[in-house]
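Heads up: take any position in the sequence shown, counting from 1, add 5, and you land on UniProt numbering. Using N, Cα and C, we set each Cβ at its ideal position, and we do this for glycine too. These numbers were taken from a predicted model, which means no experiment stands behind them. Only one structure is covered here, and it is reproduced in the block below.
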Amino acid sequence: NGNMELKYVHTTCPYCGTGCGFNIVVKDGRAVGIEPWHRAPVNAGKLCQKGRYAYEFIHSKDRLVKPLVRENGQLVETSWEEALALIAGRFMTFLPEEIVCLSSARTSNEENYLMQKFARVVLKTSNVDHCARLCHSSTVAGLAAVFGSGAMTNSILDIEESKCIFIIGSNTLEQHPLIGRRVMLAKKKGAKIVCADPRCTPTAKQADLHLSMYSGTDVALLNGLMHHIIENGWEDSAFISKRTKNYEEMKSVVMQEIYSLPNVSKITGVPEDDLKTAAEWIAQSKPSALIYSMGITQHTVGVDNVRSTANLMLLTGNLGVPGGGVNPLRGQNNVQGACDMGCLPDVYPGYQKVADPKNHRKMESIWGVSGLPKAPGLTVTELMEQLAEGTSTVKCMYVMGENFMLSDPDLNKVRKAMKQLDFLVVQDIFLSETANLADVVLPAACYAEKNGTQTNTERRVQRIRKAVDPPGDAKADWRIICELAGCMGYGPQFSYMNEAEIFEEISKVTPQYGGMSYERLEKPDSLQWPCPDKTHPGTPILHTEKFSTSDGLAEFSGIEWKPPAEVPDVEYPFILTTGRNIWHWHTGTMTRRSKTLASEVRTGWVELNPKDAKKLGIRNREKVRVLSRRGKIEIPSMVTEDIKPGVVFIPFHFKECAANLLTNGALDPVAKIPEYKACAVKIEKI
Ligand code: SF4
6 NGNMELKYVH TTCPYCGTGC GFNIVVKDGR AVGIEPWHRA PVNAGKLCQK GRYAYEFIHS
66 KDRLVKPLVR ENGQLVETSW EEALALIAGR FMTFLPEEIV CLSSARTSNE ENYLMQKFAR
126 VVLKTSNVDH CARLCHSSTV AGLAAVFGSG AMTNSILDIE ESKCIFIIGS NTLEQHPLIG
186 RRVMLAKKKG AKIVCADPRC TPTAKQADLH LSMYSGTDVA LLNGLMHHII ENGWEDSAFI
246 SKRTKNYEEM KSVVMQEIYS LPNVSKITGV PEDDLKTAAE WIAQSKPSAL IYSMGITQHT
306 VGVDNVRSTA NLMLLTGNLG VPGGGVNPLR GQNNVQGACD MGCLPDVYPG YQKVADPKNH
366 RKMESIWGVS GLPKAPGLTV TELMEQLAEG TSTVKCMYVM GENFMLSDPD LNKVRKAMKQ
426 LDFLVVQDIF LSETANLADV VLPAACYAEK NGTQTNTERR VQRIRKAVDP PGDAKADWRI
486 ICELAGCMGY GPQFSYMNEA EIFEEISKVT PQYGGMSYER LEKPDSLQWP CPDKTHPGTP
546 ILHTEKFSTS DGLAEFSGIE WKPPAEVPDV EYPFILTTGR NIWHWHTGTM TRRSKTLASE
606 VRTGWVELNP KDAKKLGIRN REKVRVLSRR GKIEIPSMVT EDIKPGVVFI PFHFKECAAN
666 LLTNGALDPV AKIPEYKACA VKIEKI
C-alpha cells in the first residue's frame with residue numbers, strides 16, 4: 006500500500022489571518038501535498054486555493070540554503086560561523102539609537118517574541134516594529150482607545166449567528182475565503198449582507214446591497230448611516246446608557262447637516278436610497294456584525310475610520326453578543342501574534358507599556374538583565390521617512406522575513422532610504438527584493454520546517470508543526486536569533502532547548518497567554534486569548550460584561566470626515582486603490598513560486614471603468630503607463646464595470662509592475678500607517 010509511506014502532519018496555513026488548519030502530506034522527507042484536516046478548529050477541512058497548494062514552494066530550487074555575505078558588491082556563500090561573527094561584530098559597533106529590528110507576521114509567536122527580546126535585551130533599543138505598521142496599526146490604536154483592547158471582538162464561527170453583516174473595506178470572499186464562507190452560511194440562514202467598497206468585488210457581488218463608494222470617504226459614509234439611524238430613533242438607548250460614555254459628543258458631530266444623507270451621497274457617490282436601506286438593516290437586525298480590513302485601516306485617517314466603525318456598532322448595541330462585534334480581519338497569518346508578542350516600539354509582550362516603570366522592572370527581572378531601554382522606539386514608517394530625508398540617526402537594520410522593497414509605499418523613496426544604511430542584515434527563505442540589497446543574508450526555515458504557534462485574526466493561538474527538514478544549511482528563525490545573541494554575550498538569556506520552552510516564557514510574560522502551554526494547545530487544538538490561567542477555557546467573545554477600559558465603559562468619539570492626503574486633480578485625475586488577488590500573496594515570494602498559483606495569474610493589471618477607458622482610447626488588455634507624483638509603471642489594462650468611474654485598482658504582488666512605486670507614503674498621525682488605499686494617478690496610452 007503506497008499510503009504506508011505517507012506521513013500527515015497537522016499544521017496551520019502560512020497565508021491569511023483566518024488560520025485554517027490542514028495536513029501536510031510527507032513522502033520520503035518531502036512535502037508532496039496538502040490534505041484536509043477535518044477537525045481543524047476554524048475551517049473544518051475546507052481550504053481556499055492558496056492553502057490547498059501551500060506545499061508547492063517549500064522545495065523550490067530558489068530557496069536560500071547558505072548564509073551569504075556581500076563581497077565586492079556580490080553576495081557570496083559563507084559559513085554560519087563567519088556570518089554570525091561578522092554580524093555580531095558589526096552590531097556591537099552601533100549605538101542603541103542607530104539600530105532597528107524589523108520582525109515579521111510571517112513567522113511564529115516564539116520567533117517574534119525572541120526578536121523583540123533580542124532588540125531590547127541585546128541591542129538595548131526599543132526600535133522594533135513589524136508589518137502591522139502597514140496593515141492594522143490603526144486597528145490596534147483605534148479599537149484600544151474605544152474598547153480598551155485592539156483585537157477582533159468576536160469569533161469567526163459566530164459570524165453565522167448574525168442577522169446582518171456589514172462589510173466595509175474588506176473583500177472577504179477573496180482575501181479571507183474561509184471567513185467569507187461563514188458570511189455565505191449566515192446569508193443562507195437569512196442574514197442581510199451589506200458591502201461598502203469602491204470595487205464590485207466578488208464579496209460585493211454576493212451582497213444583498215453594494216454601497217459603491219469613493220475610496221477615502223469611509224467616515225462620511227459611517228457618519229451618514231449613524232445620522233439616519235438617530236434621526237429615526239433606531240439607536241439602542243439601553244445599551245448606550247449602560248455601557249458607553251461620550252454619546253452626546255458623537256451625536257452632535259454626526260447630526261450636523263454635512264452628514265445628512267443627501268450630502269453624504271454627494272461625498273461618497275452612493276445613492277441616498279442605498280444608504281437608507283443599509284442604515285435600516287444594520288440598526289434593525291439584531292445581532293449585526295461589522296467586518297473590515299485594509300480598506301478601512303490603510304488611510305491617513307485610519308484610526309478615525311476604525312473609531313467610526315466602533316461608533317456604529319456601539320450605537321446599535323452590537324458589542325459583547327454572539328453574531329455581533331467589530332471584526333477587523335488581519336491580513337497575514339500571524340499579525341495578531343506579532344503584535345501580542347510586543348514587536349511594536351512602545352509595548353512589551355501583552356501590550357504592556359514600555360514607558361511604565363512597573364513593566365520595565367518586571368521585564369528586567371524575568372529576563373535577568375538590567376538597562377532595558379525606557380522610552381518607546383521608532384516606527385518603521387517614520388524610520389523610512391527620516392532615512393530618505395537624511396535626518397535619521399539609524400545606520401543598521403536587522404530584518405526577519407519582511408520584503409519592504411515591494412510592500413512599502415513609495416518604493417523610490419524606500420530605495421533612497423536604504424542607501425543611507427551602513428549595514429543591512431536580512432533573514433528570509435528566498436532572496437527577496439529586500440534581501441538582494443543586504444550586506445548579509447541568512448537562510449531561514451519556512452513554516453513547514455519548524456514547530457511553533459501562531460495567532461489568527463480572532464485571537465486563536467494554534468500550533469504549527471515541523472513536517473520536513475529545512476533545505477541545506479537553513480535554520481529556524483528562533484535558532485538564528487539565539488545563536489546571534491550567544492555570539493554577543495547573551496547566551497544564558499537565549500538558551501532554549503526547543504520551541505515549547507520559549508512558549509513557556511511567553512505565557513509567563515504575557516497576561517493574555519498566561520494559561521496556555523503546548524500541552525493545552527494539543528487538546529482542544531487551540532485557545533483564544535485572553536486565557537489568563539491554566540483552567541481558563543479561552544475567550545471567544547470580548548466585552549460581554551464590561552469593556553477592557555479602566556472604567557469598563559466604551560467611549561464614543563465625534564469624528565469629522567477628512568479627504569485623503571492626495572486627491573485627484575487636473576493633472577492626476579484618478580484615485581488609485583491597491584489590494585490583493587485570490588491567487589497571490591503579498592510580494593509573491595511564495596505564491597509566485599507555486600506552480601499552480603503562478604500559472605493561474607502571471608502578472609499584474611490595472612482595472613479601469615469602460616467610461617474612463619473610452620475617454621483615454623484604451624482597450625482591454627492593452628499595455629498602459631500609470632503615473633503618480635512618485636513613480637510610474639507599465640502594466641496591462643483590465644477594462645471592467647466592476648470599478649467605479651474615476652477609480653483605478655492595481656494588485657501589489659507583482660514586482661514587474663509594482664503598485665507601490667505609485668502609492669503615497671503619507672501617514673496617519675497616530676498609527677503611522679501609510680495611505681495605500683487612495684492616491685492620485687494618471688493613465689497614458691503607450
Ligand atoms: Fe489559508 Fe486563508 Fe485560505 Fe484559510 S482562507 S486556506 S488561512 S489562505
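- Distance from the CA of Lys358 to the CA of Cys106, rounded to the nearest whole angstrom, comes to 18 Å.
- The three-state reading of DSSP puts Leu52 in coil, since its state is none of H, G, I, E or B.
- Taken in chain order, the unbroken stretches of alpha helix (DSSP H) that lie wholly in the region 153-193 and span 4 residues or more are 177-180, 182-193.
- Placement of the Cβ of Gly330 at a distance of 7 Å or more from every heavy atom of ligand 1 is found.
- For Lys197, the closest alpha carbon among the candidates Leu621, Lys660, Cys169, Asn176 is that of Cys169.
- No heavy atom of ligand 1 is found nearer than 7 Å to the CB of Leu334.
- By the beta-carbon neighbour count (other beta carbons within 10 angstroms, threshold 16), Met502 is exposed.
- Between the beta-carbon of Trp566 and that of Ala225 there is about 4 Å, and that keeps the pair under the 8 Å contact cut.
- The closest heavy atom of ligand 1 lies 7 Å or more from the beta carbon of Tyr58.
- Put simply, the backbone Cα of Glu639 is about 15 Å away from that of Leu581.
- Going by C-alpha positions, Pro573 is about 51 Å away from Asp474.
- When rounded, the separation of the alpha-carbon atoms in Asp647 and Asn176 is 13 Å.
- The beta carbon of Thr23 sits closer than 7 Å to at least one heavy atom of ligand 1.
- Proximity of the beta carbon of Asn48 to ligand 1 is indicated: a heavy atom of the ligand is located closer than 7 Å.
- At a cut-off of 7 Å, the beta-carbon of His233 does not count as near ligand 1: no heavy atom of the ligand is closer than that.
- Relative to ligand 1, Leu178 has its C-beta separated by 7 Å or more from all heavy atoms.
- Residue pairing for His215: DSSP places it in a beta bridge opposite Cys200.
- Taking Ala93 as the centre and dropping the five residues before and after it, the same chain places the C-beta of Cys492, Met493 closer than 6 Å to its C-beta, in chain order.
- Asp345 carries a helical assignment under DSSP once its states are collapsed to helix, strand and coil.
- When the Cα atoms are used, Ile164 and Val445 turn out to be separated by approximately 46 Å.
- With a cutoff of 7 Å, Cys18 counts as near ligand 1, since its C-beta is closer than that to a heavy atom of the ligand.
- Taken from the Cβ of His548, every heavy atom of ligand 1 lies 7 Å or farther away.
- Scanning its chain for C-beta atoms nearer than 6 Å, with the 5 sequence neighbours on each side dropped, one finds around Lys551 the residues Gly557, in chain order.
- With a cut-off of 7 Å, the C-beta of Cys53 is classified as near ligand 1, since at least one heavy atom of the ligand falls inside that distance.
- One Cα belongs to Lys281, the other to Asn28, and the distance between them is close to 46 Å.
- Residues of the same chain with a CB within less than 7 Å of the CB of Met231, apart from the 5 flanking positions on each side, are Val259, Asn316, Leu317, Leu320 in chain order.
- Secondary structure at Asp134: strand, using DSSP grouped into helix, strand and coil.
- Taking one beta carbon from each stretch, the region 8-24 and the region 39-52 have 3 or more pairs nearer than 8 Å; the two touch.
- Taking each of Cys53, Thr17, Phe499 in turn and checking the Cα distance to Leu602, the smallest one comes out for Cys53.
- Every alpha helix (DSSP H) of 4 residues or more that sits fully in the region 238-277 is shown, in chain order, as 242-248, 252-259, 266-273.
- Within the region 451-509, complete beta strand (DSSP E) segments of at least 3 residues are found at 457-460, 465-469, given in chain order.
- In the displayed model, Ser108 falls within coil according to three-state DSSP, outside both helix and strand.
- Glu390 sits close to Gly670, with the two beta carbons spaced by under 8 Å.
- Judged by DSSP in its simplified three-state form, Gln425 adopts coil rather than helix or strand.
- Only residues of its own chain outside the window of five on either side were considered, and among them Asn114, Asn339, Gln341, Gly342, Asp345, Val466 have a CB closer than 7 Å to the CB of Thr460, listed in chain order.
- According to the DSSP secondary-structure assignment, Pro674 is paired through a beta bridge with no residue.
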